[in-house]
Amino acid sequence: MEVYRKFTKDILQNPRIPNYLGAVSSPAANVADMKNTGLEIELGYRKQMGDFTLSANGNISFLKNEVTNLGKGISYLGGGETFQSSNYPITRTAVGQPYNSFYGFKTAGIFQTQAEADAYTGSNGKIQPNAKAGDFRFEDLNGDGVISEADRTFIGNPTPKYTYGLTINLAYKAFDFMVFGNGVGGNEIFQGLRRLDISNANYQTAALGRWTGPGSTNTFPRIVNGDPSGNFSNPSDFYLQKGDYFRVKVVQLGYNLPKTTISKIGMSRARVYVMSENLFTITKYTGYDPEIGGGVMSIDRGIYPQARSFMLGLSVGF
Amino acid sequence: MKKYIKFAVAITVVLPLLNSCKKFVEVDPRGVFTESNYYKDQTEAFNGLVAAYDILGYQSGNYVTKVSASDAGSDDNYAGGGGSSDVPALQPFSNYSLDAARGPQEDLWSSGFQGVFRTNILLAKLTGVTMSETVKARYVAEAKVLRAYYYFDLVRWFKNVPLMTAPVDIEQAYSIPQVAPALVYAQIEKDLKEAIAESNLPDKVDLKTEAGRMTKGIAHALLGKVYLFEKKYTEAAAELALVNGTPGQANGTYGYQLVADFASLWKASNKFNSESILEIAHTSKSNGTWDCMTCTEGNLLNIMVAPRDYTILQGRTAPDYISGYGILTVTKQAFDAFRNDPRKAASIINLDSLKKAGDINYGESYQGQGFAMAKFSGRVSDRTTGGGEPVLNYPQNMYEIRLADTYLMEAEAIIVGGGNIARATALITAVRNRAYADGLQHPVAPTLANIMTERHLELAFEGQRWFDLVRWGTAAQVLGFKGFIAGKNEILPVPLLELDNTQIKQSKEYGGSL
Numbered sequence: 058m059e060v061y062r063k064f065t066k067d068i069l070q071n072p073r074i075p076n077y078l079g080a081v082s083s084p085a086a087n088v089a090d091m092k093n094t095g096l097e098i099e100l101g102y103r104k105q106m107g108d109f110t111l112s113a114n115g116n117i118s119f120l121k122n123e124v125t126n127l128g129k130g131i132s133y134l135g136g137g138e139t140f141q142s143s144n145y146p147i148t149r150t151a152v153g154q155p156y157n158s159f160y161g162f163k164t165a166g167i168f169q170t171q172a173e174a175d176a177y178t179g180s181n182g183k184i185q186p187n188a189k190a191g192d193f194r195f196e197d198l199n200g201d202g203v204i205s206e207a208d209r210t211f212i213g214n215p216t217p218k219y220t221y222g223l224t225i226n227l228a229y230k231a232f233d234f235m236v237f238g239n240g241v242g243g244n245e246i247f248q249g250l251r252r253l254d255i256s257n258a259n260y261q262t263a264a265l266g267r268w269t270g271p272g273s274t275n276t277f278p279r280i281v282n283g284d285p286s287g288n289f290s291n292p293s294d295f296y297l298q299k300g301d302y303f304r305v306k307v308v309q310l311g312y313n314l315p316k317t318t319i320s321k322i323g324m325s326r327a328r329v330y331v332m333s334e335n336l337f338t339i340t341k342y343t344g345y346d347p348e349i350g351g352g353v354m355s356i357d358r359g360i361y362p363q364a365r366s367f368m369l370g371l372s373v374g375f
Numbered sequence: 111m112k113k114y115i116k117f118a119v120a121i122t123v124v125l126p127l128l129n130s131c132k133k134f135v136e137v138d139p140r141g142v143f144t145e146s147n148y149y150k151d152q153t154e155a156f157n158g159l160v161a162a163y164d165i166l167g168y169q170s171g172n173y174v175t176k177v178s179a180s181d182a183g184s185d186d187n188y189a190g191g192g193g194s195s196d197v198p199a200l201q202p203f204s205n206y207s208l209d210a211a212r213g214p215q216e217d218l219w220s221s222g223f224q225g226v227f228r229t230n231i232l233l234a235k236l237t238g239v240t241m242s243e244t245v246k247a248r249y250v251a252e253a254k255v256l257r258a259y260y261y262f263d264l265v266r267w268f269k270n271v272p273l274m275t276a277p278v279d280i281e282q283a284y285s286i287p288q289v290a291p292a293l294v295y296a297q298i299e300k301d302l303k304e305a306i307a308e309s310n311l312p313d314k315v316d317l318k319t320e321a322g323r324m325t326k327g328i329a330h331a332l333l334g335k336v337y338l339f340e341k342k343y344t345e346a347a348a349e350l351a352l353v354n355g356t357p358g359q360a361n362g363t364y365g366y367q368l369v370a371d372f373a374s375l376w377k378a379s380n381k382f383n384s385e386s387i388l389e390i391a392h393t394s395k396s397n398g399t400w401d402c403m404t405c406t407e408g409n410l411l412n413i414m415v416a417p418r419d420y421t422i423l424q425g426r427t428a429p430d431y432i433s434g435y436g437i438l439t440v441t442k443q444a445f446d447a448f449r450n451d452p453r454k455a456a457s458i459i460n461l462d463s464l465k466k467a468g469d470i471n472y473g474e475s476y477q478g479q480g481f482a483m484a485k486f487s488g489r490v491s492d493r494t495t496g497g498g499e500p501v502l503n504y505p506q507n508m509y510e511i512r513l514a515d516t517y518l519m520e521a522e523a524i525i526v527g528g529g530n531i532a533r534a535t536a537l538i539t540a541v542r543n544r545a546y547a548d549g550l551q552h553p554v555a556p557t558l559a560n561i562m563t564e565r566h567l568e569l570a571f572e573g574q575r576w577f578d579l580v581r582w583g584t585a586a587q588v589l590g591f592k593g594f595i596a597g598k599n600e601i602l603p604v605p606l607l608e609l610d611n612t613q614i615k616q617s618k619e620y621g622g623s624l
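Keeping their order, the protein sequence lines are chains E and W.
Residues in the first sequence are numbered consecutively from 58, following our numbering.
Residues in the second sequence are numbered consecutively from 111, following our numbering.
Printed below as a string of structure tokens:
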């Protein structure tokens, strides 16, 4: 068991340089300080009962990540991760928040009727003048009566709160069995599988449950040409899904052929086994694969999912 | 002896360690040029000059160019394309749903300032370069014309921009404020006047070797245009008169003359013709690929505006337009404005009528009304036979300023600001006579209304219209059908990301404080 608090100073980043300076790329600079607080626990168990052997190993680590400093007078880095033709960047690195937190609008359900949309008013009249029945109600967080960039906020954390792994080994006489799984929890994933710039690009089947009339749904807005109310082009919590998963990465069952048999054909060891990788995953995430590697953590731009594989093997020794 | 050896070893090992603790090792990068060791000789200075010119032909990965953006905002085009979410940078300008986050502003802002930055670096470095002083003086004058050009676009698009005439120190990088537009215009005038006063800036260049380089003719034309936008009509007319010479005849000093055939202006092979003043060069030979759209020197507009799924039916003949993306589809308003004007066929493709005649098939663009731009739709005959992605390598050049434009600008300056009305009449009539090209006279009365019509028809789709409408104050009326809001849409919003951690403020037209 290990408890730690790690401070990282002068993280190398490419802070956005204002375009008026004429630079075409942002050079790296030491800009950020970060604090990682965590706990790591590893447990093992081993037991032998006659011909039967059991061993299990598990580990879990908890992590809390917080940006502590971005330079004098700077509360957040300009720019952020972009998502296609989305109206705004989808992440922001800011002091006091986890690194690269998701940043966008908060939705508060869907206008079920035109009357509801028209009744959503502030100091300037209608808060969403383009909204029709079936569009998202975006929260006017700063209360100025319009939905603008100032109404965006931190809406999710891309870094898992905990990650864990588990390995179990069983052996009985000539048979052996191994299963290894891992998982994460407590993060959000930006589910960005669909192209925004092509209006007839395919949707996932979730779109079949879109808003089609009063009372039909309060979570998936109407689909309309041009997206005049920004249901999809405004980054919002609509795109975020829980990234929790548990995946059985490896399962293997083996059998060692009896020495007496194989020694006749000159072998000292022979084992046949069946094995599967990525046998199954338990998750509520609707994208292809919640285990998003490469690029930026927890932004799913349609990564190629990992394959489930089955193998039959024979290993021999002479 | 052994003792000494040990001691010597100790010294050789420890001493460098002591040294190395003092400071980080700094190694000059090898095999690459850095800004501090470049600009040593004339070749490197020339490369810097080329870099400063390069931004003239800026085309973004979002299909934003100066021309594509101003066309999208005009009454002649809709953003079009494959659907309402195609070309997302142009749609908000086309339907006037612009805000800080949506529109073409980020590309226009950043490209303009890239130009400013490159000219500022060049001007700062040139003083220290060992090279021919006369050549250096010419480079300086060219850089000043370029900087004036970049700032003229920036101040017209955004009104409130930071003014930088030297490379920016890193300490000040985030604290540069915007300045009043009058100060920007003053700097533009200053740069152009200094360039004109420089004897080493040539009146005209040898088109075989130096086509596209800045000349005194360009500087006068640009200054005249700047004056016109500042409503300094007398000065504008005087500058433009130098460029125009005698209406309808060749200008001996700068070499300009209207070409005889209006339609020939739009042939990709007719580069740097006698009518061209400031021309932006494209080529099919840069082998551009999708990996870097901004890197190609081909003309993106050619593939963008060509009609969608354009095919000539078996056994029929029709113009050899390529099948393109149908972006910037032409409005009914533009088509109707031409009535029976002889420039209609060279300006607009009437897809609908070609289809009804059984000659072609095509796919209608989003918001399409059966028309496309003839001036800039790519031609099969111009398709590159070299490397690169063919659709990104069409070779047509773009006119930034051409003589018909300066004729009409001078005539306008005279009509509005006073002067020789007979000359104004001769200038407009020369443009119109060329349009008809039938050997007859087609006199035009010298009124502002006629200038407006003539500019619309002569310069349709060339990126002038939106600026003209704003300048005339008729934008709200003409563009009302697209949602233009008076007092707001005369400029573009400052790009949202520029406001992060800087002193840059949003214009009050878009809810800001400037």
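We put the beta carbon where it would ideally sit given N, CA and C, even for glycine.
Remember, it's a predicted structure, so these values are computed and weren't measured experimentally.
Just to confirm, are residue i and residue j a CB contact at a threshold of 8 Å?
i, j, result
"LYS246/W", "VAL239/W", "yes"
"GLY135/E", "LEU332/W", "no"
"ALA482/W", "VAL415/W", "yes"
"VAL241/E", "GLY311/E", "no"
"GLU348/E", "TYR296/E", "no"
"ASN354/W", "LEU569/W", "no"
"TYR229/E", "PHE140/E", "no"
"TRP219/W", "ASN76/E", "yes"
"PHE262/W", "ILE231/W", "no"
"PRO605/W", "GLN215/W", "yes"
"ALA585/W", "PHE594/W", "yes"
"ASP313/W", "LYS326/W", "yes"
"PHE385/W", "LEU464/W", "A small fix is needed here, since residue 385/W is Glu in this sequence, not Phe. No. Outside cutoff."
Please confirm if residue i has its CB atom under 8 Å from at least one CB of chain W.
i, result
"ARG73/E", "yes"
"GLU196/E", "no"
"ALA204/E", "Per the sequence shown, residue 204/E should be read as Ile rather than Ala. No, because no Cβ of chain W sits closer than 8 Å to the Cβ of ILE204/E."
"THR110/E", "no"
"GLY95/E", "no"
"VAL81/E", "yes"
"LEU78/E", "yes"
"ASN144/E", "yes"
Looking at residue i and the ligand ADP, is the gap between the Cβ and the nearest heavy atom below 7 Å?
i, result
"ALA188/E", "Here there are no bound small molecules, and the ligand ADP is not part of this structure."
In this structure, does DSSP put residue i in helix, strand or coil?
i, result
"ASP217/W", "helix"
"ARG358/E", "coil"
"MET414/W", "helix"
"ARG248/W", "helix"
"ASP233/E", "strand"
So residue i packs on residue j, CB below 8 Å; how close in whole Å?
i, j, result
"ILE246/E", "TYR342/E", "6 Å"
"GLY287/E", "ASN87/E", "With 8 Å as the limit, GLY287/E and ASN87/E do not qualify as a contact, their Cβ atoms being about 37 Å apart."
"ARG224/E", "ALA113/E", "Correcting the residue type first, residue 224/E is Thr in the shown sequence and not Arg. The Cβ separation is near 7 Å, so the contact holds."
"SER184/W", "ARG575/W", "4 Å"
"GLN171/E", "LYS183/E", "Contact flag wrong, Cβ pair sits at about 11 Å."
"SER372/E", "SER333/E", "Actually they are not in contact, since the Cβ atoms of SER372/E and SER333/E sit about 17 Å apart, beyond 8 Å."
So with Cβ pairs under 8 Å, would you call residue i a contact of chain E?
i, result
"SER623/W", "no"
"VAL124/W", "Here the model assigns VAL124/W a pLDDT of 46, short of 50, so the residue's position is not dependable, and the following value carries that caveat. No, VAL124/W lies away from the interface with chain E (no Cβ there is under 8 Å from its Cβ)."
"GLU608/W", "yes"
"PHE227/W", "yes"
"ASP196/W", "yes"
"THR237/W", "no"
"ALA596/W", "no"
"SER220/W", "yes"
"VAL278/W", "yes"
"THR612/W", "yes"
- Query: When Cβ atoms are compared, which residues of the region 237 to 257 of chain E fall closer than 8 Å to chain W?
  - Reply: Cβ contacts with chain W come from LEU253, ASP254, ILE255, SER256 and ASN257.
Closer than 7 Å between beta carbons: that is the criterion. Which residues of the region 280 to 298 of chain E meet it against chain W?
So the list reads ASN282, GLY283 and ASP284, given in the order they occur along the chain.
**Report entry** Interface positions of the region 458 to 486 of chain W facing chain E (Cβ-Cβ less than 9 Å), listed along the chain
**Finding:** Among the residues of the region 458 to 486 of chain W, those with a Cβ less than 9 Å away from any Cβ of chain E are TYR476, in the order of the chain.
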